[in-house]
Amino acid sequence: MLNNMKAAFRSTYGPPNILSIKELEKPIPKDNEVLIKVYAASVNRSDNHVLLGKPWVMRLLTGLFKPRVATTGSDFAGQIEALGKNVGVFKVGDKVMGFGGGLGIGSHAQFIVYPENKRIVLIPAHITYEQAAACLEGAYYAAVGINQLKPSAGQKALVYGATGAIGSAYVQFFKYHKVYVTAVCGGENRDLVKSWGADKIIDYKTEDFTKDTGQYDFVIDAVGKSSFAQCKRLMTDKGIYAPSDGLENLFLVPITAMWGGKRVLFPMDTKATLNFIKERIEDGSFKPVIDRTYPLDKIAEAFTYVATGQKIGNVIVTMEA
Ligand SMILES: NC(=O)c1ccc[n+]([C@@H]2O[C@H](COP(=O)([O-])OP(=O)(O)OC[C@H]3O[C@@H](n4cnc5c(N)ncnc54)[C@H](OP(=O)(O)O)[C@@H]3O)[C@@H](O)[C@H]2O)c1
984 MLNNMKAAFR
994 STYGPPNILS
1004 IKELEKPIPK
1014 DNEVLIKVYA
1024 ASVNRSDNHV
1034 LLGKPWVMRL
1044 LTGLFKPRVA
1054 TTGSDFAGQI
1064 EALGKNVGVF
1074 KVGDKVMGFG
1084 GGLGIGSHAQ
1094 FIVYPENKRI
1104 VLIPAHITYE
1114 QAAACLEGAY
1124 YAAVGINQLK
1134 PSAGQKALVY
1144 GATGAIGSAY
1154 VQFFKYHKVY
1164 VTAVCGGENR
1174 DLVKSWGADK
1184 IIDYKTEDFT
1194 KDTGQYDFVI
1204 DAVGKSSFAQ
1214 CKRLMTDKGI
1224 YAPSDGLENL
1234 FLVPITAMWG
1244 GKRVLFPMDT
1254 KATLNFIKER
1264 IEDGSFKPVI
1274 DRTYPLDKIA
1284 EAFTYVATGQ
1294 KIGNVIVTME
1304 A
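Sequential numbering from 984 applies to the sequence shown in our numbering.
Here it is in structure tokens:
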């Protein structure tokens, strides 16, 4: 039916098997919104938290007893099909990609409506919708970090969890800034991570990266498995530890800033981050990494795989009918 669409649907919090594919009404854009036919979206770690409703504190924002947004999904790559009457930047037919934030916008669906003044940009001409979807959630968090760290040529960074969605983007963005990168990943992915420009590889399965003798301006934990205390000895006197996880790090940000010297920086949203990613795709310095692609009706399998914490880069879901 013309006014219906398929979407991933759940009415409660729980594991991937609570998701079903439902026929829902196609949304109608408000005055400042565009209607997007979604072709691809990522299934990521944030989506998984929203699906489970964990950590519990998240439910203050996503719905206390049941999810406020029934459809999962936080980013999208697609084509504009209709415009609200006040939309001025985009036109029908534009190919766009966007990231609505970790709490979700219901983009695991064939259509969504989205405000034209939020995080949405044109897709670079030479990439597919699937590739575009792999440039969003994880790359966004890495780009936020890079924009705040402001690295310069010749500095040194260690990226722990270099094969994840966030880590693979960090490695490439640091290399864009001509930073020396030590990447910590499974040894079997050595060649892949080297192909993104990493200068040195530490195989976390056979070596303890915290024993490395390098001194780094930036230590990035892109897998949420280390602490500032563990990584301090790897850092230069003014070195920065940038984690992707861990409530304690939020408290360490102001405390370490007061101490001076080595400090924790928890990357927070900054303006123009999607444009930074778009420019890196266009100049060839960032290549999106796709591990697996699933059709929408296999979305529960995609979530199950993401929950293993072992994906390489991104998992994509495509919305074909
Ligand atoms: N701050 C936020 O708003 C935010 C948003 C999204 C995610 N996160 C957090 O950020 C972290 C990364 O997210 P992500 O989506 O990038 O993760 P991801 O793509 O699921 O990362 C998985 C990757 O990490 C690697 N890995 C697992 N254990 C490792 C270890 N001990 N040492 C080195 N590499 C290891 C895995 O490689 P192998 O297969 O070789 O093990 C896999 O390639 C997660 O903790 C997530 O919860 C935070």
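For glycine and all other residues, C-beta sits at the position ideal for the given N, C-alpha and C.
Expressed to the nearest angstrom, what Euclidean distance is found between the alpha-carbon atoms of residue i and residue j?
i, j, result
"F1259", "R1102", "12 Å"
"A1283", "T1193", "36 Å"
"H1091", "G1197", "43 Å"
"P998", "W1242", "42 Å"
"V1202", "N1015", "41 Å"
"Y1143", "A990", "35 Å"
"R1263", "A1205", "20 Å"
"T995", "D1030", "14 Å"
"T1291", "V1127", "25 Å"
"A1136", "F1211", "24 Å"
"F1113", "Y1022", "For the sequence presented, residue 1113 should be read as Glu rather than Phe. One C-alpha to the other measures close to 8 Å."
"A1024", "D1195", "37 Å"
"A1240", "F1249", "12 Å"
Can you tell me whether residue i is buried or exposed? The criterion is at least 16 other CB atoms within 10 Å of its CB, across all chains shown.
i, result
"E1008", "exposed"
"I1238", "exposed"
"P1134", "buried"
"K1074", "exposed"
"A1125", "buried"
"W1179", "buried"
"F1082", "buried"
Relative to ligand 1, is the shortest distance from any of its heavy atoms to the C-beta of residue i smaller than 6 Å?
i, result
"K1294", "yes"
"I967", "Given a span of 984 to 1304 for the chain in the structure shown, any question on residue 967 remains unanswerable."
"S1227", "yes"
"T1256", "no"
"S994", "no"
"Y1187", "yes"
"G1207", "yes"
"T1146", "yes"
"S1210", "no"
"V1236", "no"
"S1090", "no"
"R1173", "no"
"R1028", "yes"
Please classify residue i: does DSSP put it in a helix, a strand, or coil?
i, result
"S1135", "coil"
"L1007", "strand"
"F1059", "strand"
"A1117", "coil"
"V1247", "strand"
"V1021", "strand"
"P1038", "coil"
"K1183", "strand"
"G1081", "strand"
"A1126", "helix"
"F1211", "helix"
"P1271", "coil"
"P1012", "coil"
"P1050", "coil"
"A1240", "helix"
"F1192", "helix"
Check whether the Cβ of residue i lies closer than 7 Å to any Cβ atom in chain B.
i, result
"D1195", "As a matter of chain content, chain B is missing from the structure shown, which is built from one protein chain."
The segment 1234-1251 / the segment 1155-1167 touching (three or more Cβ pairs under 8 Å): Counting C-beta pairs with one atom in each stretch, the segment 1234-1251 and the segment 1155-1167 have fewer than three that are closer than 8 Å, which means they do not touch.
Any 3 or more C-beta pairs closer than 8 Å across the segment 1085-1094 and the segment 1042-1054: The count of Cβ pairs closer than 8 Å, one atom from the segment 1085-1094 and one from the segment 1042-1054, reaches three, so the stretches are in contact.
The segment 1094-1110 contacting the segment 1059-1076, beta-carbon criterion three pairs below 8 Å: With the cut-off at 8 Å, the segment 1094-1110 and the segment 1059-1076 touch.
At least 3 beta-carbon pairs within less than 8 Å: the segment 1106-1115 vs the segment 1138-1152: The answer is no - the segment 1138-1152 does not touch the segment 1106-1115, with fewer than three Cβ pairs under 8 Å.
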